[in-house]
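Asker: In our numbering, the protein residues as written are 10 to 364. Got a structure for you, written out below as structure tokens; questions coming shortly.
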């Protein structure tokens, strides 16, 4: 074995060790079960890719390479799943497990095929990987302003974006291999980048775990005044007035910056108050909690039975029906129309709003 191959094995071993350590840290420190499961799946699948992407290791593993292949085929999908649970606080559900499982199934179909059919299948596989990688970057970016966990908000535009770009690069290299482009330096480059990124990831998630994941306590509707700092009490009182009496949450497109201006405090101070004192991890959840409670009351009111679901959504500050339906179902487990039917004991009289 040449010196170059030895160094490649060493670097890949370092990467696998860092990934397994990170997986253990995520399992102990994740705020929710979904974050823990998604984080471990991402680390394990990346470790499997680290081993499976080396031609020498594939030969050494022999038949034992199959488990590595299964996990590595869904790697970008598990990355996307982890980003969704970490940055959007979404629970793992069948729709969110479907993309990584689809990558595994399509990848196995490609392995089993041959010739032009195999190339076509893997092109589809790489296209799906690229789509999930792009969407993961969108997930990282779109909630930046509304993220109330300060350390997590700072991390969005840096380290996690780098991982997303890396996932896209890997997809491009794999697509090139599928189409016949396979430079000799790809294994060494992969080993170096994997070792650097996994060490950085271990540092972030093992050293900064509490600040990254934020408080693990459930969101609270109010905080006892006696537990507040003197400077926070008038701020909380003004915030409660705006939310309870003025119902500012009905304003479409309300942002944490706009609310901070109304409260009369710097944005960072309001972020800290809502996160540390009220227990909300993102601004959309804070605002939508009020909107969904109001929606539940409206949809349960016989006097409002003729009101279209879309009108309910617009009245409560949602810009369109889709986000309202998703937020309502995440909070209640039922669509707005299903909720109305359950509460009123009859079908919704507004068939054009199949919420």
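Where a beta carbon is used, it is the ideal one built from N, C-alpha and C, also for glycine.
Near residue 208, what residues of its chain come up, given a Cβ to Cβ distance below 6 Å and the 5 sequence neighbours on each side ignored?
Answerer: The residues are 27.
Asker: Once the 5 residues before and after residue 352 are set aside, which same chain residues still bring their CB inside 7 Å of it?
Answerer: Contacts found: 308, 309.
Asker: How is residue 233 classed by DSSP in three states: helix, strand or coil?
Answerer: No answer about residue 233 holds up, because its pLDDT of 46 lies below 50 and its placement is not dependable.
Asker: Quick check: the segment 297-304 against the segment 326-342, are there 3 or more CB pairs under 8 Å?
Answerer: The segment 297-304 is in contact with the segment 326-342.
Asker: Helix, strand or coil: which one does DSSP assign to residue 156?
Answerer: DSSP places residue 156 in strand when its eight states are reduced to three.
Asker: Exposed or buried, which one is residue 65 when buried takes at least 16 other CB atoms within 10 Å?
Answerer: Answer is exposed; the Cβ neighbour count stays below 16.
Asker: Can we say the segment 256-270 touches the segment 119-139, given the rule of at least three CB pairs closer than 8 Å?
Answerer: No, the segment 256-270 does not touch the segment 119-139.
Asker: Leaving out five residues on either side along the sequence, give the residues of the same chain with a beta carbon under 8 Å from the beta carbon of residue 155.
Answerer: Cβ within range, chain order: 264, 265, 291, 292, 293.
Asker: Taking the Cβ atom as the reference point for each residue, do residue 258 and residue 296 lie within a distance shorter than 7 Å?
Answerer: Yes, these two residues count as a Cβ contact at 7 Å.
Asker: Going by C-alpha distance, which of 330, 157, 112 is nearest residue 277?
Answerer: Measuring from the Cα of residue 277, the nearest candidate turns out to be 157.
Asker: Which residues bound the alpha helix (DSSP H) around residue 338?
Answerer: Where residue 338 is concerned, the enclosing alpha helix (DSSP H) stretches over 330-341.
Asker: Give the straight-line distance between the Cα atoms of residue 58 and residue 97, rounded to the nearest whole angstrom.
Answerer: About 26 Å.
Asker: Could you tell me whether the Cβ atoms of residue 23 and residue 204 are closer together than 7 Å?
Answerer: Yes.
Asker: Give the straight-line distance between the Cα atoms of residue 25 and residue 324, rounded to the nearest whole angstrom.
Answerer: Straight-line Cα distance between these residues: approximately 52 Å.
Asker: Could you tell me whether the segment 70-77 touches the segment 116-133, using the rule of 3 or more Cβ pairs below 8 Å?
Answerer: The answer is no - the segment 116-133 does not touch the segment 70-77, with fewer than three Cβ pairs under 8 Å.
Asker: In angstroms, rounded to a whole number, what distance separates the CA positions of residue 244 and residue 110?
Answerer: So the two alpha carbons sit approximately 47 Å from each other.
Asker: Around the Cβ of residue 212, are there at least 16 other Cβ atoms within 10 angstroms (buried) or fewer (exposed)?
Answerer: Residue 212 is exposed by the Cβ-count criterion.
Asker: What separation, rounded to the nearest whole angstrom, lies between the Cα atoms of residue 145 and residue 255?
Answerer: Computed Cα separation, rounded: 36 Å.
Asker: When DSSP builds the beta bridges, which residues end up paired with residue 291?
Answerer: Residue 291 pairs with 156.
Asker: Can you list, in chain order, the residues of its chain whose CB lies under 8 Å from that of residue 235, leaving out five sequence neighbours each side?
Answerer: At residue 235, the pLDDT of 46 sits below 50, so the modelled position is not reliable; the number obtained from the coordinates is stated separately. There are no such residues.
Asker: Which residue's Cα is closest to the Cα of residue 147: 160, 159, 103, 165?
Answerer: If we check each option's Cα against that of residue 147, 165 comes out closest.
Asker: Using a threshold of 7 Å, state whether the C-beta atoms of residue 341 and residue 210 are closer than that.
Answerer: Against a cut-off of 7 Å, the Cβ pair of residue 210 and residue 341 comes out as no contact.
Asker: Quick check: residue 83 and residue 60, are their CB atoms within less than 7 Å of each other?
Answerer: No, they are not a contact pair.
Asker: What's the gap between the Cα of residue 333 and the Cα of residue 55?
Answerer: Cα to Cα, the separation comes out at about 35 Å.
Asker: Using C-beta distances below 7 Å, list every residue in its chain close to residue 241, excluding the 5 sequence neighbours before and after it, in chain order.
Answerer: Once the five neighbours on either side are set aside, the close Cβ partners of residue 241 are 282, 286.
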